[in-house]
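Mind the numbering: the sequence shown is residues 10 to 347 in the working numbering, read in order. Even glycine gets a Cβ: it sits at the ideal position worked out from N, Cα and C. A quick note: this is a predicted structure, and the numbers were derived from the prediction, not measured.
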Amino acid sequence: MDENLKAPHVSVVMPVYNGEKYLREAIDSILDQTFKDFELLLINDASTDNSEKIINSYNDSRIIYIKNEQNLGLIKTLNKGLDLAKGEFIARMDQDDISHSERFEKQLIIFKKKPEIGVCGTWFTLFRENHEDKIIEHPEYNDSIKIGLLTSCFIGHPTVMMRKKAIENYRYDVNYQAAEDFELWTRLIRVTQFYNIQESLLKYRFHNSNISVLENSVQVVNTKIITGNQLKYIDIANSDENIELCNILLVASSKFRFTNDEFRKLVSFANQLEYQNLQKKVYNEKKFHEIINRRLIEIFNKTVDKKLSTFPFLLKNRKEIILQRSILANIKMLAKMI
Numbered sequence: 010m011d012e013n014l015k016a017p018h019v020s021v022v023m024p025v026y027n028g029e030k031y032l033r034e035a036i037d038s039i040l041d042q043t044f045k046d047f048e049l050l051l052i053n054d055a056s057t058d059n060s061e062k063i064i065n066s067y068n069d070s071r072i073i074y075i076k077n078e079q080n081l082g083l084i085k086t087l088n089k090g091l092d093l094a095k096g097e098f099i100a101r102m103d104q105d106d107i108s109h110s111e112r113f114e115k116q117l118i119i120f121k122k123k124p125e126i127g128v129c130g131t132w133f134t135l136f137r138e139n140h141e142d143k144i145i146e147h148p149e150y151n152d153s154i155k156i157g158l159l160t161s162c163f164i165g166h167p168t169v170m171m172r173k174k175a176i177e178n179y180r181y182d183v184n185y186q187a188a189e190d191f192e193l194w195t196r197l198i199r200v201t202q203f204y205n206i207q208e209s210l211l212k213y214r215f216h217n218s219n220i221s222v223l224e225n226s227v228q229v230v231n232t233k234i235i236t237g238n239q240l241k242y243i244d245i246a247n248s249d250e251n252i253e254l255c256n257i258l259l260v261a262s263s264k265f266r267f268t269n270d271e272f273r274k275l276v277s278f279a280n281q282l283e284y285q286n287l288q289k290k291v292y293n294e295k296k297f298h299e300i301i302n303r304r305l306i307e308i309f310n311k312t313v314d315k316k317l318s319t320f321p322f323l324l325k326n327r328k329e330i331i332l333q334r335s336i337l338a339n340i341k342m343l344a345k346m347i
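Set out below in structure tokens:
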């Protein structure tokens, strides 16, 4: 790059593959941003439709057109975009979504106010033909997002803007197809802080081409692997049972009734989760306890026997039991050192 040319403040990475139907809407929503100092990297992943023709119809110096000579797939194309980005900040955008005109402006305000933030997402609006729009809400602050990332992607990928310096040593992992964003966030959140603007600043288009049946099954498998890896990170066995228990604890379950034995097993697992977190200090202790307790109360209301006599004791004394275990473990460790 010419040294006399100033690098753009924001680099927008938008992979394109056979996106002719909605591509113009997506591009226009970026070009119409109230914040103007950006480059838009349109990376055509060997499309076979009119995507290239649509891109070439624009005469805007902020558009940087990159053409893959062969189809690399989404993950490699995303990484290519990260490698080519020149801006201090990197924003994600999909070829079929629509960004609110003030999205970049509002995200950059957060970065200016909060220098500790490395990744900033927003709420988004799920929309499709002949359906009512639905706003997808995610927690605002880092501690809650981090806990949520144990089991789910608590930050909308196409809404994200990142500090380049926060992601410069990280890339999407090609082994996690259809869950590459989720996996990346679980690594990034260990080294930087996340934030979600509590306002919908993107319209996420839901249609039949979003994800195939095969990709959906791959996504389910890879999501379980990611959750299992995070359980291992706090020294909890990566087993199907533990992954299922973790999902029940941290994600609203569709199951209508729980047996008393299932509930007791869940409380036992909750104790184990909090105990291991006390040792590893990965998640905010107070917030972790608060979220798990709230879920246990919700789940208790779905138990078969509402007269479960041990429940008040189990819930009231969970933290004391965990702390006692922690103290005991420290005593044992000190004893070995003497």
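Item, Value
"GLU125 in three-state terms, based on DSSP", "coil"
"Closest Cα partner of TYR213 within the set THR268, ILE144, ASN80, ASP69", "ILE144"
"Buried versus exposed, by CB contacts within 10 Å (16 or more), ALA16", "exposed"
"Distance, ARG71 Cα to CYS255 Cα", "45 Å"
"Contact under 7 Å by Cβ, ARG112 with LEU210", "yes"
"Exposure of SER20, with buried meaning 16 or more beta-carbon neighbours within 10 Å", "buried"
"Meets three-Cβ-pair contact criterion under 8 Å: the segment 202 to 209 and the segment 128 to 145", "yes"
"GLU271 versus ASP249: straight-line alpha-carbon distance, rounded", "15 Å"
"Cβ pair count under 8 Å reaching 3, the segment 71 to 89 against the segment 162 to 177", "no"
"Element boundaries [alpha helix (DSSP H), containing TYR284]", "269 to 289"
"Cα-Cα separation between LEU159 and ILE119, rounded to whole angstroms", "25 Å"
"Given HIS298 as reference, the closest of ARG199, THR57, LEU282, ASN238 once Cα atoms are compared", "LEU282"
"Cα-Cα separation, GLU253 to VAL276", "13 Å"
"Of the listed residues PHE309, ILE52, TYR150, nearest to HIS269 (C-alpha basis)", "The residue you asked about is not His; residue 269 is Asn in the sequence shown. Nearest of PHE309, ILE52, TYR150 to ASN269, Cα basis: PHE309."
"Same chain, Cβ closer than 8 Å to GLU2, five either side skipped, listed in chain order", "An answer regarding residue 2 cannot be provided, because it is not within the stretch 10 to 347 covered by the chain."
"Distance, GLN285 Cα to ILE245 Cα", "7 Å"
"Distance, TYR242 Cα to VAL200 Cα", "15 Å"
"Boundaries of the beta strand (DSSP E) in which PHE367 is found, first to last residue", "Residue 367 is absent from the model: the chain starts at 10 and stops at 347."
"When ASP46, LEU258, ASP106, ASN53 are compared against GLU34, the one with the closest alpha-carbon", "ASP106"
"Neighbourhood of LYS311 by C-beta, 6 Å cutoff - its chain only, sequence neighbours within 5 removed", "ARG266, PHE267"
"The beta strand (DSSP E) enclosing ALA100, as first and last residue numbers", "98 to 101"
"Cβ shell of GLU192 (< 6 Å), same chain only, five flanking positions each side left out", "ASP182, TYR185, ILE235"
"Close beta carbons around ARG137, own chain, < 8 Å, minus the five adjacent residues each side", "ARG214, PHE215, HIS216"
"Opposing strand residues paired with GLN134 [DSSP bridges]", "The question names Gln, but residue 134 in the sequence shown is Thr. In DSSP, THR134 forms a bridge with ILE144, LYS212."
"Rounded distance between the beta-carbons of LEU40 and VAL22, thought under 8 Å", "With a Cβ gap of about 15 Å, VAL22 and LEU40 do not count as contacting."
"Proximity to ASP356 [Cα-Cα], best of ASN302, GLU78, TYR67", "Lying outside 10 to 347, the shown extent of the chain, residue 356 is not represented and no answer is given."
"Neighbour-count burial assignment, LEU123, 16 or more Cβ in a 10 Å radius", "The question names Leu, but residue 123 in the sequence shown is Lys. That one is exposed."
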